[in-house]
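**Q**
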Amino acid sequence: MLMPKLTPYLLAAPLIAFIAVFTYLPIISSVDLSFRSWNFMSPEKPFVGFDNYARLFASDDFWHSLSVTAVFAAISVPLRLALALAIASYLKREIFSSRILRGALFLPTITSTVSIAVVFSWVFSTDYGLANAALTGLGLGKVPWLQDPQIALLVLILINTWKQLGYDVIIYIAGLQAVPQELYDAASMDGGRRWQVFRRVTVPLIMPTTYFLLVISVIEAFQVFTIINVMTRGGPAGATDMLVHLLYRTGFVLFDIGTGSALAVILFVLLIGLALVKSRVLGAKVHYEA
Amino acid sequence: MKPKEKALSALALLGGLVFLSPVLYSIWMSFQTAHSYYTGGFDFTLSNYATAIGQFNFARYLFNSLFVSGVVTIAGLVVSTTAAFAFARFDFRGRDLLFGVTVATLMIPSHITLIPNYLTLAKAGLLDSYAGLILPAISNGFAAFFLRQYIRGIPKALDEAAYMDGARPLQVLWRVIVPISRPAISSMGLYIFLAEWNNYIWPLVAVGKEDLYTLQLGLARLYSVNPGEGLIDWPLVMAASTITILPVLLGFFFVERHLVRGITMGAVK
Chain A
1 MLMPKLTPYL LAAPLIAFIA VFTYLPIISS VDLSFRSWNF MSPEKPFVGF
51 DNYARLFASD DFWHSLSVTA VFAAISVPLR LALALAIASY LKREIFSSRI
101 LRGALFLPTI TSTVSIAVVF SWVFSTDYGL ANAALTGLGL GKVPWLQDPQ
151 IALLVLILIN TWKQLGYDVI IYIAGLQAVP QELYDAASMD GGRRWQVFRR
201 VTVPLIMPTT YFLLVISVIE AFQVFTIINV MTRGGPAGAT DMLVHLLYRT
251 GFVLFDIGTG SALAVILFVL LIGLALVKSR VLGAKVHYEA
Chain B
1 MKPKEKALSA LALLGGLVFL SPVLYSIWMS FQTAHSYYTG GFDFTLSNYA
51 TAIGQFNFAR YLFNSLFVSG VVTIAGLVVS TTAAFAFARF DFRGRDLLFG
101 VTVATLMIPS HITLIPNYLT LAKAGLLDSY AGLILPAISN GFAAFFLRQY
151 IRGIPKALDE AAYMDGARPL QVLWRVIVPI SRPAISSMGL YIFLAEWNNY
201 IWPLVAVGKE DLYTLQLGLA RLYSVNPGEG LIDWPLVMAA STITILPVLL
251 GFFFVERHLV RGITMGAVK
């Protein structure tokens, strides 16, 4: 077979060109901009060394935002995984009822985040929302869900969990279905009770899936933006000002390109670290067919 | 169905409805007048949709979303499929490097590209244009990776037979590979379309002109016109929200299994 040598290059060129221009060059240019001082407008972009990084590390906003993000991840990730594994172990059988529930759980993961944010703004609005209607129905007082700095972040965690749960459940079901049934049978023959079988057989065998979901959901937690931008704008009193929202504010509201880029680079390094953990875990352990 | 199974199904249906109740209720609310919403009772009306479409330009946003997501999906599929074909079927210098570079994009968080892509498009004069919304979204490392894996599973004898008959590479791709890869290509098409349909942060920074708003942007703006605890016209906002989710909702019932299969394959393989 004679084939012009150029053919494969021509076939791959469009994809590679788009990736180069819109994914790789931006990384280089973010690093470059993070060492400069610029506001979009001025003709000059003076080199300022590590000033932007120093300013970030000295600013309360940055540390506050990092800690809000960490709290979000620390609460939402275990919550998601625990709920998802529990639900998946009930829904793993291929029967009609579990397919209905899986469909319902999965729907929010493909639904627009903006719509979900708007709908839950109503659910948690103080005077006309569903949540407070339920509370007053029970004879309890109204809660200012999104106005109270102590509560607002928890509300966002709840909404995020509601949206993402279906994905975790689907992945867990794929993992659980790959565990050979004989192992369960053997364990219950030995007189293991349900909870013990779950703890001693299911949880260890499903560990690779758990690692995968753990890393994915931590990465996701560090990228939450839309629900914040629509529902709280980082408030009340900065209580929900997570990292990507801070990045957006710094770059596109305050037009501080240098500091915004420095923040982007820091976040990038954090997330790449996590992604590398993920690919190592995946490469090493997860090898079952869906 | 056995009685026990029937009971379980009913219970599952109920559980699903409860889980989705906020969204279902928002759709219900969109058919109610603002007056009846605030005073109690239920007056059926389509006026919220008329207002969203007439007064607030949601027909335009719907068109923009369909157009942008449609073009991104088609262009994304074309560049991913041709590249996947090259990676799967040709031996060439730099192949592994280029494929590695493509797969590595899966690890790169998109926020790092936000400011630089904004600057690139500003320099090219493409902010506030369809091209500005579309171009940065076209490359999709996941789709290219997924399709390459799929194509590698197709017996090479099929290509060779076509080459024997005098076909050229693009003809082999179009007549042999693409028809066999239909399930994988349509899974990826759905995946790209959904991601672009729901994209919010990029339109938010790339577009200022109201004419170019996508549904996500239009809905967020409509809601933020009167945020907080003022008297929001909730039924109107919910009509806009329903317009935003309805295409996905309708599509979901046709393609659920397709979608789920694509997602688990991507995650577990």
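Each protein sequence line maps, in turn, to chains A and B.
Residue numbers for the first sequence follow the numbering used here, beginning at 1 and rising by one.
Residue numbers for the second sequence follow the numbering used here, beginning at 1 and rising by one.
Built from N, CA and C at the ideal position, the CB exists for glycine as well.
#1: What residues of chain A sit near B:Phe-67, judged by a beta carbon separation below 9 Å?
#2: Going along chain A in order, which residues have a C-beta closer than 9 Å to the C-beta of B:Thr-82?
#3: Using a beta-carbon distance cut-off of less than 8 Å, what residues from the region 144-161 of chain B approach chain A?
#4: List, in chain order, every chain A residue whose beta-carbon is nearer than 8 Å to that of B:Trp-234.
#5: Pop quiz: B:Ile-284 and B:Ile-185 are said to be a contact at Cβ under 8 Å. What is the actual Cβ separation, rounded to whole angstroms?
#6: Give a yes or no on whether the C-beta atoms belonging to A:Trp-145 and A:Phe-120 are separated by under 7 Å.
#7: Among the candidates A:Leu-85, A:Pro-8, A:Leu-274 and A:Asp-168, whose CA atom is the shortest distance from the CA of B:Arg-93?
#8: Measure the alpha-carbon distance for B:Ile-112 versus B:Leu-46 and round it to whole angstroms.
#9: Give me the chain A residues within the contact set of B:Val-220, using Cβ-Cβ distance strictly less than 9 Å, ordered along the chain.
#10: Is DSSP giving A:Phe-47 helix, strand or coil here?
#11: Where A:Met-242 and A:Glu-220 are concerned, what is the direct C-alpha to C-alpha distance, given to the nearest angstrom?
#12: In terms of residue numbering, what span does the alpha helix (DSSP H) encompassing B:Gly-15 cover?
#13: Name the chain A residues that come within less than 8 Å of B:Glu-5, Cβ to Cβ?
#14: The alpha helix (DSSP H) with B:Arg-182 in it runs from where to where?
#15: Anything in the region 24-48 of chain B with a Cβ closer than 9 Å to a Cβ of chain A? List those residues in chain order, please.
#16: Give the straight-line distance between the Cα atoms of A:Val-77 and B:Leu-135, rounded to the nearest whole angstrom.
#17: At the level of alpha carbons, what is the spacing between A:Ala-73 and A:Gln-223?
#18: Does any C-beta atom of chain D lie closer than 7 Å to the C-beta of B:Thr-73?
#19: Reducing DSSP to helix, strand and coil, say where B:Gln-216 ends up.
#20: Across which residues does DSSP place A:Arg-249 in a beta bridge pair?
#21: If you measure beta-carbon to beta-carbon, which residues of the region 199-215 of chain B are closer than 7 Å to chain A?
#22: Is B:Ser-110 near the ligand MN, judged by its Cβ being under 6 Å from some heavy atom?
#23: Quick one: list the residues of chain A neighbouring B:Val-176, beta-carbon separation under 7 Å, in chain order.
#24: Could you give the DSSP three-state label for B:Phe-58: helix, strand or coil?
#25: Counting C-beta neighbours from all protein chains within 10 Å, is the total for B:Leu-114 16 or more, i.e. buried, or is it exposed?
#26: Spatial neighbours of A:Ser-261 within its chain, please: C-beta separation below 6 Å, excluding the five flanking residues on both sides.
#27: By alpha-carbon positions, which one of A:Ile-95, A:Thr-111 and A:Leu-213 ends up nearest to B:Tyr-191?
#28: Can you name the start and end residues of the alpha helix (DSSP H) that A:Gly-137 belongs to?
#29: My guess is that A:Leu-176 and A:Ile-216 are in contact by the Cβ rule of under 8 Å, so how many angstroms apart are they, rounded?
#30: On a CA-only basis, which of B:Asp-159, B:Val-23, B:Leu-222 and B:Pro-3 is nearest B:Ala-52? Give me that one, please.
#31: Please report the straight-line C-alpha distance between B:Tyr-118 and A:Thr-69, rounded to a whole angstrom.
#32: Can you confirm whether the region 227-246 of chain A touches the region 152-166 of chain A when touching is taken to mean that 3 or more C-beta pairs between the two stretches lie within less than 8 Å?
#33: What does a CB cutoff of less than 6 Å around A:Asp-256 pick up in its chain, not counting 5 residues either side in sequence?
#34: What do you get for B:Gly-16, buried or exposed, if any count of 16 or more other CB atoms within 10 angstroms of its CB means buried?
#35: List the residues of chain A whose Cβ lies closer than 8 Å to the Cβ of B:Thr-244, in chain order.
**A** In brief:
#1: Indexing the second sequence from 1 puts residue 67 of chain B at position 67. What B:Phe-67 touches in chain A: nothing, since even the nearest Cβ is about 17 Å away.
#2: Along the second sequence, read from residue 1 onward, the residue named residue 82 of chain B stands at position 82. Simply Leu-10, Leu-11, Ala-12, Ala-13, Pro-14 and Leu-15.
#3: Ala-144 and Glu-160
#4: Counted from its first residue, the second sequence places residue 234 of chain B at position 234. Per Cβ cutoff of 8 Å: Trp-122 and Tyr-128.
#5: Since the first residue of chain B shown is 1 and the last is 269, residue 284 of chain B is not available in this structure.
#6: Walking along the first sequence from the start, residue 145 of chain A turns up at place 145. Walking along the first sequence from the start, residue 120 of chain A turns up at place 120. In this structure, A:Phe-120 does not lie closer than 7 Å to A:Trp-145 by Cβ.
#7: By one-based count along the second sequence, residue 93 of chain B stands at place 93. Minimum Cα distance to B:Arg-93 is reached at A:Pro-8.
#8: For the purposes of this step, residue 112 of chain B is taken as residue 112 along the second sequence, with counting starting at 1. For the purposes of this step, residue 46 of chain B is taken as residue 46 along the second sequence, with counting starting at 1. Distance between the alpha carbons of B:Ile-112 and B:Leu-46 is about 43 Å.
#9: On the second sequence, residue 220 of chain B is found 220 positions in, with the first residue counted as 1. The question names Val, but residue 220 of chain B in the sequence shown is Ala. Correct list: Val-114, Ala-117, Val-118, Thr-226, Asn-229 and Val-230.
#10: By one-based count along the first sequence, residue 47 of chain A stands at place 47. Reduced to three states, the DSSP call for A:Phe-47 is strand.
#11: Within the first sequence, numbered from 1, the residue matching residue 242 of chain A stands at position 242. Within the first sequence, numbered from 1, the residue matching residue 220 of chain A stands at position 220. Near 12 Å, if we compare the C-alpha coordinates of A:Glu-220 and A:Met-242.
#12: Numbered from 1 along the second sequence, position 15 holds the residue referred to as residue 15 of chain B. From DSSP, the alpha helix (DSSP H) with B:Gly-15 extends over 3-19.
#13: Here residue 5 of chain B corresponds to residue number 5 of the second sequence, with the count starting at 1. Within chain A, the residues near B:Glu-5 are Ile-95, Phe-96 and Ser-97.
#14: In the second sequence, residue 182 of chain B corresponds to position 182, counting from 1. Where B:Arg-182 is concerned, the enclosing alpha helix (DSSP H) stretches over 182-197.
#15: Tyr-25, Ser-26, Met-29, Tyr-37 and Tyr-38
#16: Your numbering for residue 77 of chain A matches position 77 in the first sequence. Your numbering for residue 135 of chain B matches position 135 in the second sequence. Roughly 33 Å between the two C-alpha positions.
#17: Within the first sequence, numbered from 1, the residue matching residue 73 of chain A stands at position 73. Within the first sequence, numbered from 1, the residue matching residue 223 of chain A stands at position 223. Near 10 Å, if we compare the C-alpha coordinates of A:Gln-223 and A:Ala-73.
#18: Given the protein chain composition of this structure (A and B), no chain D is represented.
#19: Position 216 of the second sequence, counted from the start, is the residue given in the question as residue 216 of chain B. Of the three classes helix, strand and coil, the one that applies to B:Gln-216 here is helix, per DSSP.
#20: As a first step, residue 249 of chain A must be located in the first sequence, where it is residue number 249. DSSP lists no partner for A:Arg-249.
#21: Tyr-200, Ile-201 and Val-205
#22: For the structure depicted, the ligand MN is absent and the ligand set is empty, with no information on it obtainable.
#23: Residue 176 of chain B sits at position 176 when you count from the first residue of the second sequence. Within 7 Å Cβ-Cβ: nothing; B:Val-176 doesn't reach chain A, min ~14 Å.
#24: On the second sequence, residue 58 of chain B is found 58 positions in, with the first residue counted as 1. Note: B:Phe-58 maps to helix in three-state DSSP.
#25: Reading the second sequence from its first residue, position 114 is the one you call residue 114 of chain B. Counting Cβ neighbours within 10 Å, B:Leu-114 comes out buried, since at least 16 surround it.
#26: As a position in the first sequence, residue 261 of chain A is number 261, starting the count at 1. Same-chain partners within the cutoff: Ser-30, Leu-33 and Ser-34.
#27: As a first step, residue 191 of chain B is located in the second sequence; it is residue number 191 there, counting from the start. Checked all of A:Ile-95, A:Thr-111 and A:Leu-213; the closest Cα to B:Tyr-191 is A:Thr-111.
#28: Counted from its first residue, the first sequence places residue 137 of chain A at position 137. Looking at the DSSP string, the run of the alpha helix (DSSP H) that includes A:Gly-137 is 130-137.
#29: By 1-based counting over the first sequence, the position of residue 176 of chain A is 176. By 1-based counting over the first sequence, the position of residue 216 of chain A is 216. In fact, because the Cβ distance is near 17 Å, the residues do not count as touching under 8 Å.
#30: Here the question's residue 52 of chain B lines up with position 52 in the second sequence. Per the Cα distances, B:Leu-222.
#31: Taking the first residue of the second sequence as position 1, residue 118 of chain B is located at position 118. Taking the first residue of the first sequence as position 1, residue 69 of chain A is located at position 69. Taking the straight line from one Cα to the other gives about 25 Å.
#32: yes
#33: The residue given as residue 256 of chain A occupies position 256 in the first sequence. The residues are Thr-250.
#34: One-based indexing of the second sequence puts residue 16 of chain B at position 16. It is buried - the Cβ of B:Gly-16 has at least 16 other Cβ atoms within 10 Å.
#35: The residue labelled residue 244 of chain B in the question sits at position 244 within the second sequence. The contacting residues are Ser-112, Val-114 and Ser-115.
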